[in-house]
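Asks: Starting off with a structure, shown below.
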């Protein structure tokens with residue numbers, strides 16, 4: 064803004080617009096082929112509410128692309144010319160979020176069944192050369208950024224983008240052509256400025272504008288390009304060469320992106336139902352390393368049986384419409400570190416439980432850091448790991464307490480994957496599956512059966528010989544009582560002799576009593592053996 068004013072005063076020409084807004088095209092249902100029945104009723108309600116209030120409103124982004132491909136979108140976004148405050152005022156449960164780009168979350172339902180419709184305001188096209196510039200980043204320049212609507216850092220990365228404008232300017236601000244289409248579910252018209260429909264038909268993922276400049280504006284677009292390439296690869300989509308070529312060189316720009324945002328983008332790569340495909344795309348595009356340290360670990364271990372099974376299980380659950388938790392997948396990825404660290408501590412003499420706890424803390428420090436705030440995600444991962452040893456205990460009250468744990472199901476699924484790769488016996492997995500589904504009577508019978516099996520197993524296993532007893536030397540305090548004790552022992556011994564031996568035959572020496580030999584083997588009870596080889 065200030066630079067524009069200075070340029071005017073100095074008579075300098077305004078920079079040439081290198082990003083034409085494109086020509087507005089309106090495509091009807093006969094050409095785009097969208098099935099209106101695939102539109103979510105709650106997204107339709109948001110559009111209607113905004114239009115009834117006098118605003119423009121469209122379904123936008125990936126949802127339009129998926130609808131055109133005949134897919135049912137999992138998420139719906141809405142774009143409007145209403146400001147965030149105006150949107151919030153129209154809905155009972157609406158929340159303004161974000162600082163870099165303020166949007167509104169309109170919430171429907173509660174608990175796991177809730178759905179969020181994300182509503183964004185049309186953004187104005189602003190040349191980043193004219194934007195206000197700060198020397199630091201989001202953290203170091205937080206107070207300075209508080210009053211800014213459009214700001215960039217020294218590299219040109221956009222830190223604030225909250226200037227509103229018309230739809231054609233909003234379209235050029237979006238990243239890929241196939242994500243820059245607007246669909247009105249009431250008129251069934253698709254509005255397209257950058258040939259998104261053509262690219263969808265040609266199966267091309269193309270960046271709007273100059274890819275190098277767009278990656279510099281927001282380096283997270285690098286990860287988004289990978290995600291879309293992985294998601295749409297099965298449908299024949301490929302990255303346009305001009306869009307793909309700068310990816311490797313632009314990777315260094317990710318170093319300036321906040322770790323929390325990279326963490327969220329990593330989870331999107333792994334939890335949108337195309338985790339294995341995403342890892343493959345990272346390798347194909349030469350980005351297997353250097354995007355995010357924890358993602359590097361996922362790629363490195365993606366071919367190991369345990370992590371591969373976890374990734375496949377995550378993709379399957381997403382495909383079936385089941386919920387997935389990042390804590391479970393990350394617990395699988397980092398389990399080798401926890402397991403090996405715990406084993407080493409036990410080998411060094413530490414007790415099992417504190418060894419496991421210390422190994423977990425080391426893994427958090429080395430792999431996770433403070434990016435998750437050590438909050439719910441870290442707590443869930445810790446519980447999954449700490450519950451693993453408890454699956455070995457199947458007698459007494461332990462099994463009943465374990466199935467009541469809040470994280471039992473996640474911990475059980477984790478244990479099941481361990482059994483499937485041979486780390487545990489599948490019998491253990493099957494037993495817990497049956498126990499978790501049984502009633503109390505059947506659970507008691509199952510526990511009693513395990514107890515009986517363990518008793519029979521101990522009976523078949525020969526006991527290790529006991530070490531010989533070591534008698535202590537009597538102290539001086541007891542030495543004076545030794546003569547009386549010896550006399551008492553003699554009297555006791557004589558009283559145990561046969562009657563004729565006690566009576567004697569007129570001599571002082573009594574007959575010796577023959578001691579009965581103890582039986583050998585198990586009948587000998589706890590009598591220690593003197594044979595070191597026995």
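In the working numbering, the protein residues as written are 64 to 597.
C-beta atoms are modelled at their ideal positions from N, C-alpha and C, and glycine is treated no differently.
Here's a check: name, in chain order, each residue in its chain whose Cβ is nearer than 6 angstroms to the Cβ of residue 136, leaving out the five neighbours to either side.
Replies: So the qualifying residues of the chain are 126, 129.
Asks: Kindly indicate which three-state DSSP category residue 348 falls into: helix, strand or coil?
Replies: Looking at residue 348 - three-state DSSP - the assignment turns out to be coil, as it is neither helix nor strand.
Asks: Where does the unbroken alpha helix (DSSP H) through residue 329 begin, and where does it stop?
Replies: Counting along the chain, the alpha helix (DSSP H) containing residue 329 begins and ends at 322-333.
Asks: Between which two residues does the alpha helix (DSSP H) carrying residue 244 extend?
Replies: First-last for residue 244: 244-247, but that is the beta strand (DSSP E), not the alpha helix (DSSP H).
Asks: Between residue 338 and residue 295, is the Cβ-Cβ spacing less than 7 angstroms?
Replies: Not in contact: residue 338 and residue 295 (Cβ atoms no closer than 7 angstroms).
Asks: Restricting to runs no shorter than 3 residues, where is the beta strand (DSSP E) found entirely within the segment 115-183?
Replies: You should have 120-123, 140-143, 157-160, 166-171.
Asks: From which residue to which residue does the beta strand (DSSP E) around residue 252 run?
Replies: Unbroken beta strand (DSSP E) run through residue 252: 252-255.
Asks: Under the rule that 16 or more other beta-carbon atoms within 10 Å means buried, what is residue 258, buried or exposed?
Replies: Looking at its Cβ environment, which holds 16 or more other Cβ atoms inside 10 Å, residue 258 is buried.
Asks: Excluding the 5 residues preceding and the 5 following residue 145 in the sequence, name in chain order all residues of the same chain whose CB lies nearer than 7 angstroms to its CB.
Replies: Within the same chain, residue 145 has close Cβ partners 113, 118, 184.
Asks: Here's the rule: buried if 16 or more other CB atoms are within 10 angstroms of the residue's CB, otherwise exposed. What is residue 91?
Replies: The residue is exposed, with fewer than 16 neighbouring Cβ atoms inside 10 Å.
Asks: Just to confirm before moving on: does the CB-CB distance between residue 290 and residue 345 stay below 7 angstroms?
Replies: Taking 7 angstroms as the Cβ cut-off, residue 290 and residue 345 do not qualify as a contacting pair.
Asks: Taking C-alpha atoms, which residue in 122, 150, 187 lies nearest to residue 141?
Replies: Of the candidates 122, 150, 187, the one whose C-alpha sits nearest the C-alpha of residue 141 is 122.
Asks: Please report how far the alpha carbon of residue 306 lies from the alpha carbon of residue 389, in whole angstroms.
Replies: Approximately 30 angstroms between the Cα atoms of the pair.
Asks: Report the three-state DSSP secondary structure of residue 471 (helix, strand or coil).
Replies: Residue state, collapsed to three classes: helix.
Asks: Would you check if there are 3 or more beta carbon pairs closer than 8 angstroms linking the segment 364-373 to the segment 309-326?
Replies: Contact between the segment 364-373 and the segment 309-326 is absent, because fewer than three Cβ pairs lie under 8 angstroms.
Asks: Could you give the distance in angstroms between the alpha-carbon of residue 300 and the alpha-carbon of residue 283?
Replies: Computed Cα separation, rounded: 20 angstroms.
Asks: Under 8 angstroms: do the segment 474-490 and the segment 504-512 share three or more Cβ pairs, one atom per stretch?
Replies: Counting Cβ pairs under 8 angstroms, fewer than three are found: no touch.
Asks: Around the C-beta of residue 524, are 16 or more other C-beta atoms found within 10 angstroms, so that it is buried, or is it exposed?
Replies: It is exposed - the Cβ of residue 524 has fewer than 16 other Cβ atoms within 10 Å.
Asks: Where does the unbroken alpha helix (DSSP H) through residue 363 begin, and where does it stop?
Replies: Per DSSP, residue 363 belongs to the alpha helix (DSSP H) from 356-364.
Asks: Report the residue from 150, 499, 408, 102 whose alpha carbon sits nearest the alpha carbon of residue 470.
Replies: Answer by Cα proximity: 499.
Asks: Note down the Cα distance separating residue 238 from residue 251, rounded to an integer number of angstroms.
Replies: Rounded to the nearest angstrom, the two C-alpha atoms are 24 angstroms apart.
Asks: For residue 86, name the three-state secondary structure that DSSP assigns.
Replies: It is coil, neither helix nor strand.
Asks: Suppose contacts are defined by Cβ-Cβ distances below 7 angstroms. Is residue 356 in contact with residue 309 by that definition?
Replies: Result no, Cβ atoms of residue 356 and residue 309 do not sit closer than 7 angstroms.
Asks: Alpha carbon to alpha carbon, how far is residue 479 from residue 279?
Replies: Distance between the alpha carbons of residue 479 and residue 279 is about 44 angstroms.
Asks: Hey, how far is the Cα of residue 319 from the Cα of residue 359?
Replies: Each residue's Cα considered, the two are about 18 angstroms apart.
Asks: Identify which residue in 159, 379, 495 has its Cα closest to the Cα of residue 464.
Replies: The residue with the shortest Cα to Cα distance from residue 464 is 495.
Asks: Whose CA, out of 292, 247, 382, lies closest to the CA of residue 268?
Replies: For the residues 292, 247, 382, the minimum Cα distance to residue 268 belongs to 292.
Asks: Using CA coordinates, which residue listed in 423, 226, 132, 335 is at the minimum distance from residue 262?
Replies: Among 423, 226, 132, 335, the Cα nearest to that of residue 262 is on 132.
Asks: So for residue 13, helix, strand or coil by DSSP?
Replies: Since the displayed the chain opens at 64 and closes at 597, residue 13 lies outside it and no answer follows.
Asks: So, are the CB atoms of residue 447 and residue 477 less than 7 angstroms apart?
Replies: For residue 447 and residue 477, yes; Cβs fall inside 7 angstroms.
Asks: Span of the alpha helix (DSSP H) holding residue 490?
Replies: 489-500 is the extent of the alpha helix (DSSP H) around residue 490.
Asks: Can you tell me the Cα-Cα spacing of residue 89 and residue 340, whole angstroms?
Replies: Looking at the two C-alpha atoms, the distance is approximately 34 angstroms.
Asks: Which first and last residues belong to the alpha helix (DSSP H) in which residue 426 is found?
Replies: Where residue 426 is concerned, the enclosing alpha helix (DSSP H) stretches over 415-426.
Asks: Is residue 267 helix, strand or coil when you go by DSSP?
Replies: It is a strand residue.
Asks: Taking the straight line between their C-alpha atoms, what separation do you get for residue 120 and residue 170?
Replies: One C-alpha to the other measures close to 17 angstroms.
Asks: Can you list, in chain order, the residues of its chain with a C-beta nearer than 6 angstroms to that of residue 400? Leave out the 5 residues immediately preceding and following it.
Replies: Here the set comprises 426.
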